[in-house]
Amino acid sequence: EIIMIVKVYEVRPDDAKGRHYEIDGKHKWGLPGIQCLSCGNTWVSVGLAYPSTDISRLPTSERYFKNGAVSVEAMEELRRPLHELMPNHPLLKPGTSFGPLIGKAYGQIGDFAFCGSWTLLIRTEALQALENVGVRGLIGVQPQLKWLRGTVPVRLVELEIKACTLVAPSSLQPEERRSCAACGYRRLKTPAPIILAHSSIPADLDLFRGRDFTTRIFATGRFVETVQTLGLTGLVFHEVEIA
Numbered sequence: 006e007i008i009m010i011v012k013v014y015e016v017r018p019d020d021a022k023g024r025h026y027e028i029d030g031k032h033k034w035g036l037p038g039i040q041c042l043s044c045g046n047t048w049v050s051v052g053l054a055y056p057s058t059d060i061s062r063l064p065t066s067e068r069y070f071k072n073g074a075v076s077v078e079a080m081e082e083l084r085r086p087l088h089e090l091m092p093n094h095p096l097l098k099p100g101t102s103f104g105p106l107i108g109k110a111y112g113q114i115g116d117f118a119f120c121g122s123w124t125l126l127i128r129t130e131a132l133q134a135l136e137n138v139g140v141r142g143l144i145g146v147q148p149q150l151k152w153l154r155g156t157v158p159v160r161l162v163e164l165e166i167k168a169c170t171l172v173a174p175s176s177l178q179p180e181e182r183r184s185c186a187a188c189g190y191r192r193l194k195t196p197a198p199i200i201l202a203h204s205s206i207p208a209d210l211d212l213f214r215g216r217d218f219t220t221r222i223f224a225t226g227r228f229v230e231t232v233q234t235l236g237l238t239g240l241v242f243h244e245v246e247i248a
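Mapping the sequence shown onto my numbering, position 138 (from 1) lands on 143, and the numbers just tick up by one.
Now the structure itself:
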């Protein structure tokens, strides 16, 4: 049996000289937080977004503008039509967002840009350049951005990044491996350094997100090398361990 050696990197904004732009926005729809009577926790996940999913196709679309927290039963009721709308059964944690990113932007934007530190956007010409050389699994969705302060608008799309990777169980404390049977809550602390489970690294994607740490974005060595070869700006990469 041949074991393939893969290099994986965490993707972060290149803020070494200060960020010269600002993108402030949120997605059109979203799931609320969850309040679990079983484990006593009220929680929400950050970072998961499916901008290509149009919730307006659901007859109950007005229910997906809610903030706050709902019961486990109400969350299941909200998820049910989403599974029909999204047959690939993606991860739908409390707080998951849907639809286009809506907001405002200004400043000098490079090839990549972030809204916060977990929503990644890319210039359309840079996306085309990556696709032309075979970078896999990139889905770009047009945001609804208002450009401020005399900024020259650039053509940006948000990258829809699938949640795939898991932290290696060996890097977690015993209590961190347990989850609530009712709501799925786990009391996780970010391990330092992050060690990813080899079995959770997708074979068909070059850019992906954590399933347990959903604010973290990862890329294959192929993605990193291509970005660097093309001279694309706005990102820095830190290699992560794999077990």
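We put the beta carbon where it would ideally sit given N, CA and C, even for glycine. Since this is a predicted model, take the numbers as computed values, not measurements.
Opening and closing residue of the beta strand (DSSP E) in which residue i lies
i    : result
V241 : L240 to I247
K33  : Y26 to G35
A186 : From DSSP, A186 is part of no beta strand (DSSP E); its letter is neither H nor E.
R17  : V13 to P18
I166 : From DSSP, I166 is part of no beta strand (DSSP E); its letter is neither H nor E.
Test: residue i CB closer than 8 Å to a CB of chain D
i    : result
T170 : This model lacks chain D altogether; it includes just one protein chain.
Residue i versus residue j: straight-line alpha-carbon distance, rounded
i    : j    : result
H243 : R17  : 8 Å
P37  : V75  : 7 Å
K109 : P56  : 16 Å
L135 : T47  : 40 Å
G139 : A168 : 21 Å
E130 : L53  : 25 Å
I200 : P207 : 15 Å
I247 : E78  : 37 Å
I8   : L96  : Per-residue confidence for I8 stands at a pLDDT of 44, beneath the threshold of 50, marking its modelled position as unreliable; no derived number is given.
E6   : S204 : Since pLDDT at E6 reaches only 39, below the 50 mark, its modelled position is unreliable, and the value read off the structure follows with that caveat. Taking the straight line joining both Cα atoms gives about 15 Å.
R192 : F228 : 32 Å
L171 : T195 : 12 Å
R24  : K71  : 32 Å
A202 : Q233 : 26 Å
G112 : S175 : 43 Å
Nearest-angstrom Cβ-Cβ length linking residue i and residue j, presumed shorter than 8 Å
i    : j    : result
A224 : D209 : The pair is not a contact, with the Cβ atoms about 14 Å apart (cut-off 8 Å).
P26  : I114 : Per the sequence presented here, residue 26 reads as Tyr, with Pro not at that position. Yes, they are in contact, since the Cβ atoms of Y26 and I114 sit about 5 Å apart, within 8 Å.
L90  : T58  : 7 Å
G35  : Y69  : 6 Å
Start-to-end residues for the alpha helix (DSSP H) that takes in residue i
i    : result
G226 : G226 to L235
L90  : V77 to L90
E136 : T129 to N137
Buried or exposed (CB count within 10 angstroms, at least 16 for buried), residue i
i    : result
P148 : buried
A197 : exposed
A186 : exposed
V11  : exposed
D20  : exposed
G100 : buried
F117 : buried
K98  : buried
R221 : buried
K215 : Inspection of the sequence shows that residue 215 is occupied by Gly rather than by Lys. G215 is buried by the Cβ-count criterion.
S50  : buried
L150 : buried
L42  : exposed
L132 : buried
V157 : exposed
Check: residue i C-beta below 7 Å from any heavy atom of the ligand MG
i   : result
V51 : The ligand MG is absent from the structure shown, which contains no ligands of any kind.
Q: Specify whether the stretch 114-131 and the stretch 75-91 touch according to this definition: at least 3 beta carbon pairs, one from each stretch, less than 8 Å apart.
A: Not touching, per the Cβ criterion.
Q. With a cut-off of 8 Å, do at least 3 Cβ pairs link the stretch 139-146 to the stretch 160-172?
A. yes
Q.
Counting beta carbon pairs with one atom in the stretch 24-44 and one in the stretch 98-112, are three or more of them shorter than 8 Å?
A. yes
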